[in-house]
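*Asks:* I have a structure I would like to understand better, so I am pasting it below and will then ask my questions one at a time.
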Amino acid sequence: MLQAGSILPLHLGTCASCQKRLDSFRQLYAGLAADPGFALPPAFADSVLDKISASRPVFWERPAAKIAMAIGAAAVILASLLIFMDMKPLANGTLQVFDTLKTAFLPLGDQMKQLFFWVGGNAKPFVLGGLGLFIASLVDRFLIHQVMRHNH
């Protein structure tokens, strides 16, 4: 029978890869066995462990937990408002606001029609072009503002 002790030296004599690995392990073990030349104080391990356990915040102080608790609280408040409050006055008030806006802006369309009729049919492209340029300038200003925000 072959013994394991006799095969290993034969293999190491023929395999360069295994010889390199053996040399690197020998260097590692020699470095680990050498005295570093200094000694740590006896309370070093305890102080490191105290700092590790002390630096970990409790779960409700973490940002993700704060966000989750805020969303949960908002959901509970919204659900309780929807369940326990009479929303009809709020809905009626909202409808009144929309009616007011409708009555405020509806004459604007009639005034634009009167303007087109007064100036003639040729003014419509100029008015629409002016509105287009105005909207383009607003979009340009918005995009420049966004670029400036991202560069800072």
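Residue numbering for the sequence shown follows the working numbering, beginning at 1 and increasing consecutively. Every residue gets a Cβ at the ideal spot worked out from N, C-alpha and C, and that includes glycine. Just so you know, these numbers come straight off a predicted model, no measurement behind them.
Between which two residues does the alpha helix (DSSP H) holding Cys18 run?
*Replies:* Residues 16–33.
*Asks:* Kindly indicate the opening and closing residues of the alpha helix (DSSP H) around Trp60.
*Replies:* Premise fails: Trp60 is in no alpha helix (DSSP H) and is neither H nor E.
*Asks:* Using the Cα positions of Val97 and Lys51, report the straight-line distance between them to the nearest angstrom.
*Replies:* Distance between the alpha carbons of Val97 and Lys51: 59 angstroms.
*Asks:* Considering Asp110, what are the terminal residues of the alpha helix (DSSP H) in which it resides?
*Replies:* Note, Asp110: alpha helix (DSSP H), 88–119.
*Asks:* Going straight from the alpha carbon of Trp118 to that of Pro125, what length do you get?
*Replies:* When rounded, the distance between both Cα atoms is 15 angstroms.
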